[in-house]
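Residue numbers (our numbering): 1299 to 1797.
The following block contains the structure:
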């Protein structure tokens, strides 16, 4: 099975009317003839997939691009259209060629720097920034605050008397949208009395490739050439952008292999949720083929996760945690974490094998018919401490909060380019969901006498998170959220100020 990736091809149907699931890459292997066509940098033919709608069938069409003599070999370019430079192209060809390790490996630096400002501006999508210096009036204090929401669960569960739901956004003082808002300049000029649930440039947190760039700003010390395999910051799994950092990934993979370090990686699309098109492997060939199927990151798979014993299946399984962050202000930074968190469990015993078994390696089960195991956070804490003697939850929680604080400070750190950090916007408030895991580390962390210690590991930050379970578990959830963000009331609202 590991060899099949040398022959695997992919295509996707890019119809904008399709749901995300319908636009995912489709993988295939050509027949004996197609699979025997060899690679050449100057090929004689192209082979392209063709979807014939009438038959609902896909064919591989081969056509010559040069004149061919009788008995001349037919060749094609295995990485056609991929690889923006010679080194990246050579790295992509590593499944079939030894050119990269022989010619380029020693010249590839493993140190990761920030991309140019063009990289950040390309992702901004015509977003405007608010006008500075405009006076922003306070929200009404002597009457209910008119609130327009697009998320059904807020409409059902927001019961606080200070907020009055309205059906017309033009009448509202608070706009809580489920669609992305981009014109902050217009909002500040024409509607300075309104508040909105989004910040300019927040995609820097919620899009995976950008999140990793932002998170790396939190590292305390730059790595030396001898420490390039060391993870910094310690809560961010080593991550490479498969579009811009592919040679670094291949060099890193080969360095780890040479040192005998486990090489398990998880490959994720930049901007899809619910684990769609996400793969786990230790096979470099598979990673390099996935790299040409769409924009993705490649991240070290957490191979020493803290496990949870599920009595109902008599097994230790993976789990992850979801925390809610409430961002009130960027400058000065003011943010809270909701102290009630949510746990998501896998359904099969964890092992570093069978990576294609979703219920063994993934935890998002609430969008399928799978067995969904749920638990209140206070019950989880009790079981966690019973199963991990000596590991007190308050210490773990303190590390989680420290990680979240460091991430937000990195994301709001002023840079020369205004598009490469979250922008101050007095009318903005926001709620994000942070997914994280707990992993064992041999390092002795603060508060522990000896190792191993438990290290929180950042997975992703989600915009407009699904809060159905939050509302079902805690009916006052959105009353808490709105009180903190729009009334500046934190007493009794189950939040902790991130410092």
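Even glycine gets a Cβ: it sits at the ideal position worked out from N, Cα and C.
Suppose you measure from the CA of residue i to the CA of residue j; what does that come to, to the nearest Å?
i            : j            : result
residue 1573 : residue 1536 : 19 angstroms
residue 1417 : residue 1542 : 10 angstroms
residue 1485 : residue 1428 : 7 angstroms
residue 1462 : residue 1622 : 24 angstroms
residue 1303 : residue 1384 : 22 angstroms
residue 1554 : residue 1528 : 11 angstroms
residue 1548 : residue 1339 : 20 angstroms
residue 1782 : residue 1775 : 11 angstroms
residue 1581 : residue 1503 : 29 angstroms
residue 1736 : residue 1616 : 10 angstroms
residue 1631 : residue 1730 : 15 angstroms
residue 1306 : residue 1387 : 17 angstroms
residue 1625 : residue 1508 : 19 angstroms
residue 1659 : residue 1641 : 15 angstroms
residue 1424 : residue 1678 : 44 angstroms
residue 1614 : residue 1682 : 12 angstroms
residue 1300 : residue 1588 : 14 angstroms
residue 1670 : residue 1325 : 29 angstroms
residue 1370 : residue 1392 : 26 angstroms
residue 1551 : residue 1406 : 12 angstroms
residue 1708 : residue 1430 : 22 angstroms
residue 1590 : residue 1790 : 50 angstroms
residue 1610 : residue 1771 : 21 angstroms
residue 1466 : residue 1515 : 41 angstroms
Apart from the five residues on each side of it in sequence, which residues of its chain come closer than 6 angstroms, Cβ to Cβ, to residue i?
i            : result
residue 1522 : With a pLDDT of 47 at residue 1522, under the threshold of 50, the modelled position of this residue cannot be trusted; read the value that follows with caution. Counting only Cβ-Cβ distances below 6 angstroms, and skipping sequence neighbours, we find nothing.
residue 1593 : 1541 and 1568
residue 1787 : 1781
residue 1733 : 1618, 1620, 1757 and 1758
residue 1675 : 1638 and 1639
residue 1352 : none
residue 1444 : 1462, 1464, 1469, 1470 and 1471
Under the assumption that residue i contacts residue j (Cβ atoms under 8 angstroms), give the Cβ distance between them as a whole number of angstroms.
i            : j            : result
residue 1335 : residue 1377 : With 8 angstroms as the limit, residue 1335 and residue 1377 do not qualify as a contact, their Cβ atoms being about 14 angstroms apart.
residue 1499 : residue 1717 : 6 angstroms
residue 1495 : residue 1473 : 7 angstroms
residue 1629 : residue 1722 : 4 angstroms
residue 1327 : residue 1343 : Contact doesn't hold; Cβ gap of about 18 angstroms is too wide.
In the DSSP assignment, find the unbroken beta strand (DSSP E) run with residue i in it and report its ends.
i            : result
residue 1769 : Counting along the chain, residue 1769 falls outside any beta strand (DSSP E), though it belongs to the alpha helix (DSSP H) covering 1766-1771.
residue 1618 : 1617-1627
residue 1596 : 1594-1598
residue 1758 : 1751-1761
residue 1643 : 1640-1643
residue 1731 : 1728-1739
residue 1781 : From DSSP, residue 1781 is part of no beta strand (DSSP E) but of the alpha helix (DSSP H) over 1775-1785.
residue 1350 : 1343-1350
Comparing C-alpha positions only, which one of the options sits nearest to residue i?
i            : options                   : result
residue 1744 : 1736, 1782, 1764 and 1697 : 1697
residue 1349 : 1310, 1694, 1617 and 1380 : 1310
residue 1322 : 1622, 1436, 1575 and 1501 : 1575
residue 1606 : 1730, 1684, 1338 and 1325 : 1684
residue 1358 : 1341, 1330, 1382 and 1399 : 1330
residue 1437 : 1791, 1601, 1784 and 1792 : 1784
residue 1312 : 1306, 1320 and 1305       : 1320
residue 1375 : 1439, 1369 and 1361       : 1361
residue 1471 : 1451, 1750 and 1493       : 1493
residue 1604 : 1648, 1627 and 1587       : 1648
residue 1704 : 1379, 1796 and 1327       : 1796
residue 1513 : 1544, 1490, 1538 and 1497 : 1538
residue 1672 : 1467, 1608 and 1692       : 1608
residue 1804 : 1686, 1634, 1771 and 1506 : The requested residue 1804 does not occur in the structure, where the chain is confined to residues 1299 to 1797.
residue 1435 : 1725, 1746 and 1789       : 1725
residue 1490 : 1432, 1766 and 1557       : 1432
Between which two residues does the alpha helix (DSSP H) carrying residue i extend?
i            : result
residue 1385 : 1384-1390
residue 1305 : Run containing residue 1305: none; DSSP gives neither H nor E here.
residue 1428 : Note, residue 1428: premise wrong, no alpha helix (DSSP H); not H, not E.
residue 1694 : 1691-1710
residue 1672 : Careful: residue 1672 lies outside any alpha helix (DSSP H) and carries neither H nor E.
residue 1259 : The shown model of the chain, from 1299 to 1797, leaves out residue 1259, and the question about it has no answer.
Return the chain-ordered list of same chain residues with a C-beta closer than 8 angstroms to the C-beta of residue i, the five sequence neighbours on each side being excluded.
i            : result
residue 1762 : 1449 and 1476
residue 1413 : 1511 and 1542
residue 1453 : 1447 and 1463
residue 1600 : 1535, 1735, 1737 and 1755
residue 1518 : 1530 and 1531
residue 1442 : 1459, 1460, 1461 and 1462
residue 1689 : 1682, 1683 and 1752
residue 1524 : Because residue 1524 sits at a pLDDT of 47, beneath the cut-off of 50, its placement in the model cannot be relied upon, and the following sentence gives the value as read from the coordinates. Contacts found: none.
residue 1440 : none
Please go through the same chain and pick out, in chain order, the residues whose beta-carbon is closer than 7 angstroms to the beta-carbon of residue i, but skip the five residues on each side of it.
i            : result
residue 1657 : 1644, 1645, 1646 and 1668
residue 1579 : 1563, 1585 and 1653
residue 1777 : 1456, 1457 and 1458
residue 1715 : 1415 and 1418
residue 1561 : 1551, 1554, 1555 and 1580
Does any heavy atom of the ligand PLP sit closer than 7 angstroms to the C-beta of residue i?
i            : result
residue 1685 : This structure lacks the ligand PLP, and indeed carries no ligand of any kind.
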